[in-house]
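The block underneath contains the structure these notes are about, expressed in structure tokens.
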Amino acid sequence: MSIDSLENMLMLGATMRSRFTELKAECDKAQADLGAARALLTQTLTKDDEAIADMKELGCMEALPADAFDLTERIRDFLAGGAA
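Numbering (numbering that gives the first Met the number 0), first residue to last: 0 to 83.
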């Protein structure tokens, strides 16, 4: 193996290491963003649950369309690890 080949392999290794570091940083940021999004969705569900309880207490649930809480259920599924 020639010196040029070894130098090229070292440069490629350094480039790959640098790119890996960048990708890891992007992944860490994405995980933090996902955590923040999950927290906001959990707050949304809490408010939805409070609104549903109020509507049940007032007896106005029947006036809502059947799919009124589809998004709420999709959020619950997402937070539980299912498809959203």
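C-beta atoms are modelled at their ideal positions from N, C-alpha and C, and glycine is treated no differently.
Taking the CB atoms as reference points, tell me whether residue i and residue j lie closer together than 8 Å.
i: L44; j: R75; result: yes
i: T41; j: L70; result: no
For residue i, which residues from the same chain have a beta carbon less than 8 Å from its beta carbon, with the 5 sequence-adjacent residues on both sides left out?
i: M54; result: M60, L63
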